[in-house]
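Just so it is clear: in the sequence shown, position 82 is 176 by the working numbering, and no numbers are missing.
Data block below; observations after.
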Amino acid sequence: MAIPDLTDLEKSIIQQSINERWRKGGIVAEEVEVELRLSKGDREVTACPAMYWEHDACTFLVAKTGENRYRSQFFYSAKEQFNTGIEEYTDLGDCVLFLLRLQADHESERNKNFPTT
95 MAIPDLTDLE KSIIQQSINE RWRKGGIVAE EVEVELRLSK GDREVTACPA
145 MYWEHDACTF LVAKTGENRY RSQFFYSAKE QFNTGIEEYT DLGDCVLFLL
195 RLQADHESER NKNFPTT
């Protein structure tokens with residue numbers, strides 16, 4: 095089963111959320127394709143359209159897994175990968191918003207534990 099491409103509206107929602115989070119601008123999400131297991135029992139991966147961006151040392155990913163179905167994660171390395179704890183969203187705005195909030199909270203905690211100065 096082919097996953098539908100991201101629509102212009104979906105791409106706009108993601109980019110607008112990024113722009114609101116980092117008002118300085120300059121962060122542009124790129125359209126990519128990722129391979130995901132859509133259910134835990136799947137042996138095969140499915141190609142899914144996604145948007146990808148980076149800020150500082152963090153990489154973000156929002157993938158479309160079906161019509162009005164989305165997943166998200168952020169990571170610093172292969173060993174440091176995080177998601178929101180919600181397997182799949184039906185509202186893209188919520189998916190992106192919770193991803194950005196969780197990462198901001200994580201970054202704040204990370205900076206407390208590992209101050210840069």
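Here a beta-carbon is modelled for each residue, glycine too, at the ideal position from N, C-alpha and C.
Predicted model, so just to flag it, every value in this text is computed and none were measured.
{"Asked": "Residue range of the beta strand (DSSP E) that includes L130", "Found": "E124 to L130"}
{"Asked": "K223 - DSSP class collapsed to helix/strand/coil", "Found": "Absent from the model: residue 223. The displayed extent of the chain is 95 to 211, so no value can be given."}
{"Asked": "C-beta contact flag for Y170 and C142 at 8 angstroms", "Found": "no"}
{"Asked": "Residues bridged to G119 [DSSP beta-bridge criterion]", "Found": "Answer is none; G119 lacks a bridge partner."}
{"Asked": "Bounding residues of the beta strand (DSSP E) (the contiguous stretch that carries E148)", "Found": "T140 to H149"}
{"Asked": "Three-state class that DSSP yields for A172 in the structure shown", "Found": "coil"}
{"Asked": "Pairwise C-alpha distance: G120 and D199", "Found": "22 angstroms"}
{"Asked": "Exposure label - L100; buried when at least 16 CB within 10 Å", "Found": "buried"}
{"Asked": "Meets three-Cβ-pair contact criterion under 8 angstroms: the stretch 144-163 and the stretch 104-122", "Found": "yes"}
{"Asked": "Inter-residue spacing [alpha-carbon to alpha-carbon] between W116 and L132", "Found": "31 angstroms"}
{"Asked": "Check whether C189 and V156 have beta carbons under 8 angstroms apart", "Found": "yes"}
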